[in-house]
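What follows is a short report on a single structure.
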Amino acid sequence: MVSGGVGMSRSSGLSRSRTLTMLWRATFWVSFPFGILAFVLPIYGRELGATALEVGGFFSAVSLVPVVVRPFLGRALDRWGRRPFLLLGLVGYAVAMGLFCLADTVLLLTVARFVQGLGQAFLWLSAYTIVADVADQTGRGHDFGIIDEATNRGAIIGTTAGFFMWLGLENTGLDGRQIWFWLFAAYLVPSLLALWSGWRGVWETRPQAAMQPVENRPVSGQLLALMGIVFVTGASSAMVWPLLMVFLQDALRADVDALMWATCRPR
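Sequence positions in the sequence shown follow the numbering used here and run 38 to 304.
Written out as structure tokens, the structure is:
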């Protein structure tokens, strides 16, 4: 009986380890375009004729969707499980990269950002809930930390690669539209790798106790007020960076190379 218990414990430990490893890979790959978007989105939006307000809207769209979706997503995670919403989030990011490739109008660019916002809303809450499910009580801080580490590492590598790819494609004589297409065609690959990692390696982690019917509760006024505060602060902070990029382009006549090196300065 003791050896059987040890075997089950070891098997459970291996399952948790594999789940965290594959979740790390999924968040690592999906984070590749995060940094480059903050730089190229306002530039490309201006090339398509977007106003400063519309450029700010590109960034606010990603803040709007999670604010609306996430308060209701927690209940859905308890009712239907974590894995379906994790995969929906990864699919959302992959679809967003495909839409970015094809975006040749301001409207399509905005749609791509809304889809990315849906992916963001589903993915990250599901990912952190999975970590909470499988992490040992003595190592939860470490397990949450490795997901943040995967996100930052993926964003750093993806942003660096994207900058060099942009400069390389620019030297070939391609115009901004063509550079944009090939850049996000390249980012589609890690997004698909993230989806593959999640599909193959991250299984359902919902505890048995959570499989009971979930009690419906009305949304409180305090929660609605908090949602409003988070939305306003998130939207305003999201608009500062793109408007700064637009200002540098319009007022200071900074070219793409100068903006790129300015955004790479040590922080």
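For glycine and all other residues, C-beta sits at the position ideal for the given N, C-alpha and C.
Since we're looking at a predicted model, the values are computed, not measured.
Contact belief for residue i with residue j at Cβ below 8 Å, rounded distance in angstroms
i      : j      : result
LEU206 : TRP219 : 6 Å
GLY157 : VAL99  : The residue asked about is misnamed: residue 157 is Gln in this sequence, not Gly. Confirmed, about 6 Å.
PHE122 : SER68  : Actually they are not in contact, since the Cβ atoms of PHE122 and SER68 sit about 18 Å apart, beyond 8 Å.
LEU204 : GLY154 : Not quite, the Cβ-Cβ distance comes to about 29 Å (not below 8 Å), so this is no contact.
ALA192 : PHE96  : Rounded, the Cβ-Cβ distance is 16 Å, inconsistent with contact.
ILE183 : THR242 : Their Cβ separation, rounded to whole angstroms, is 16 Å, which puts ILE183 and THR242 out of contact at 8 Å.
Buried/exposed call for residue i, threshold 16 Cβ in 10 Å
i      : result
ASP185 : exposed
GLY178 : exposed
LEU139 : exposed
ILE216 : buried
ILE80  : buried
ALA169 : exposed
THR197 : exposed
PHE201 : exposed
SER52  : exposed
PRO244 : exposed
GLN259 : exposed
ASP180 : buried
ALA87  : buried
SER257 : exposed
VAL269 : exposed
THR64  : buried
CB contact check: residue i to chain C, cutoff 7 Å
i      : result
PHE151 : Although the question refers to chain C, the structure presented lacks it and comprises just one protein chain.
Under the three-state DSSP convention, the category residue i falls into
i      : result
GLY86  : coil
LEU211 : coil
ALA246 : At ALA246 the pLDDT is 46, less than 50, meaning the model places this residue with poor confidence and gives no usable figure here.
PHE69  : coil
VAL269 : helix
SER257 : coil
VAL105 : helix
VAL77  : helix
TRP217 : helix
THR142 : coil
TRP240 : coil
TYR165 : helix
Element boundaries [alpha helix (DSSP H), containing residue i]
i      : result
ALA172 : Premise fails: ALA172 is in no alpha helix (DSSP H) and is neither H nor E.
PHE122 : 120 to 139
- Are the region 140 to 149 and the region 111 to 129 in contact at 8 Å, needing three or more beta carbon pairs? Touching, no, given that fewer than three Cβ pairs across the two stretches are closer than 8 Å.
- Message: Between the region 232 to 243 and the region 59 to 73, can you find at least three pairs of beta-carbon atoms closer than 8 Å?
- Response: In the pairwise beta carbon analysis, the region 59 to 73 is classified as touching the region 232 to 243: at least three pairs are separated by under 8 Å.
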